[in-house]
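Under the numbering used here, think of the first position of the sequence shown as 21, with each following residue one higher.
Glycine included, each C-beta is placed from N, C-alpha and C at the ideal position.
Please read the structure below before turning to the comments.
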Amino acid sequence: AAPAEDVITGVQRWDSGAVSADMVAFGFFCAFLVVQGGNEASYSQFLFAYASITAGLDLTIQLAAMLVGSFWGVLAIGRFLMLYLVHSFPPHQLSMLCCTFGISALSLLASAPTSGPALWACTMMLALSLAGLIPSALSLTDRAFTLVQARHTRTFVLVLCPSLGELAAPLL
């Protein structure tokens, strides 16, 4: 089969009917976004339950709710800051830094499970590490294939995937 030129974008595409490597990579990336959105929602629910029922922490329900609110606030601020950092550092290095930072936060939390200050510090560290994963992954993906096509279909799917993860994870 010969390549056919797309009328809208002017890009040559093969009309063989087979799934391209581009579509497989995009599918894996969408699955990553669903899992990432689910991780954020699940952690915040776990955090509230853990903080409010763990005896050694002595946190009231109001303080547990403040901790969860702080997690979401730091995540939002961190995501904004990461948009700048993703242009300053290579995305693969930023992804590795975020993963290392997140694993360090979870390790610290596991070493002091009944310490209130450790819970607050580790939660903020984890929020910052989670904040950088989606922007750095989007930057990596943008280098691999075109995100914006005619009608912005891929961009729509990329915005929809984390929301689906946040919606589905609490139901699991």
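query                                                                                                          : result
Simplified DSSP state of Val78, which is helix, strand or coil                                                 : Residue 78 is actually Asp in this sequence, not Val. Here Asp78 sits in coil by DSSP.
Outcome for Met43 when other beta-carbon atoms lying within 10 angstroms are tallied against a minimum of 16   : exposed
Gly122 beta carbon less than 8 Å from that of Leu101                                                           : no
Range covered by the alpha helix (DSSP H) that runs through Leu53                                              : Ala41 to Ile73
Inter-residue Cα distance where the pair is Ala85 and Ser40                                                    : 46 Å
Those runs of the alpha helix (DSSP H) which lie wholly inside the stretch 96-177 and span at least 4 residues : 111-131 and 136-164
Short Cβ contact (8 Å threshold) for Leu77 with Thr134                                                         : yes
CA-to-CA distance, Thr161 to Phe49, given in whole angstroms                                                   : 8 Å
Nearest residue (CA-CA) to Pro111, options Tyr70, Ile154 and Pro182                                            : Ile154
Nearest-angstrom beta carbon gap, Leu129 and Cys119 [assumed within contact, 8 Å]                              : Actually they are not in contact, since the Cβ atoms of Cys119 and Leu129 sit about 16 Å apart, beyond 8 Å.
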